[in-house]
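Counting with this note's numbering, you get residues 10 to 216 for the letters of the sequence shown. Idealized CB from N, CA, C, for every residue including glycine.
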Amino acid sequence: MEAVWTRFLPSVQRAAEIIASGELGEIWWLQADLGFPAPDRPDSRLWRREDGGGALMDVGVYPLTWALICLGRPDSLTATAHLTDGGVDSETALTLSYSSGAQVQAMTSLTAATSQTATVCGAKGMLRCNAPLFNPSELTITSSSAEQRVENFAPVGRGYTYQLREVIRCLQQGLLESPTMPLADTLTTMSLLDQARSQAGISYPGD
Numbered sequence: 010m011e012a013v014w015t016r017f018l019p020s021v022q023r024a025a026e027i028i029a030s031g032e033l034g035e036i037w038w039l040q041a042d043l044g045f046p047a048p049d050r051p052d053s054r055l056w057r058r059e060d061g062g063g064a065l066m067d068v069g070v071y072p073l074t075w076a077l078i079c080l081g082r083p084d085s086l087t088a089t090a091h092l093t094d095g096g097v098d099s100e101t102a103l104t105l106s107y108s109s110g111a112q113v114q115a116m117t118s119l120t121a122a123t124s125q126t127a128t129v130c131g132a133k134g135m136l137r138c139n140a141p142l143f144n145p146s147e148l149t150i151t152s153s154s155a156e157q158r159v160e161n162f163a164p165v166g167r168g169y170t171y172q173l174r175e176v177i178r179c180l181q182q183g184l185l186e187s188p189t190m191p192l193a194d195t196l197t198t199m200s201l202l203d204q205a206r207s208q209a210g211i212s213y214p215g216d
């Protein structure tokens, strides 16, 4: 199983439940960002191409996770990036487009302190998670009539517990994959990251 522990958090599971319930109506737009000023050291793995550094491959999976939860695999993807002299991306911006007309804007950065949130907008309302989007403790749901409610969560430990529990459950039940993080989603995520790297000119020695 891919180690996207965020998928198993109660807050993210609840967000997925709300989206699937139709409470927000048809989803038309999602914005998700994850950025932080990385250590300004040339020996940091985040800045080293030979170590797989760069914003997209380090934190890009988290905005993409929200996109897949909300809308599934996009019909097209565009990516732009700023590459350092060392050949890694300090920022990468993604736009995912769907045949329905829905759009996703995802931003990753190793230089900017971003909001680190996800906002899901539908025909009937909006859902926003608090920072950080990879381990949110609060969801704010706002209806189209401006009625608002907040749902709070208190994760056990640092948040990894929930995926560990799911791994144990799958092993005990003899499951070959988890319905929460199926193998197809892992392949989709890697395919999207490969498309983004190709468009943005991000490459590594092992390619």
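Approximately 13 angstroms separates the beta-carbon atoms of L80 and L103; this is outside 8 angstroms, ruling out the contact. As computed with DSSP, L43 is found in a beta bridge with T117.
Residue burial is scored here from C-beta neighbours: D42 has at least 16 other C-beta atoms within 10 angstroms and is therefore classed as buried. In the three-state reduction of the DSSP assignment, L77 falls in the helix class, which pools H, G and I. In the DSSP assignment, S207 falls within the alpha helix (DSSP H) that extends over L192 to A209. For T104, the enclosing beta strand (DSSP E) starts and ends at D98 to S106.
The Cβ neighbour count for N161, taken over all protein chains shown within 10 Å, is under 16; the residue is labelled exposed. A straight line joining the alpha-carbon of R206 with that of M10 spans about 23 angstroms. Taking 7 angstroms as the cut-off, the Cβ atoms of T126 and L142 count as close.
S30 sits in a helix when the DSSP states are folded into three classes. The residue among S99, R137 and E59 with its C-alpha nearest the C-alpha of D216 is E59. Spanning the alpha carbons of T197 and M135 requires a straight line of approximately 26 angstroms. One Cα belongs to V165, the other to V159, and the distance between them is close to 20 angstroms.
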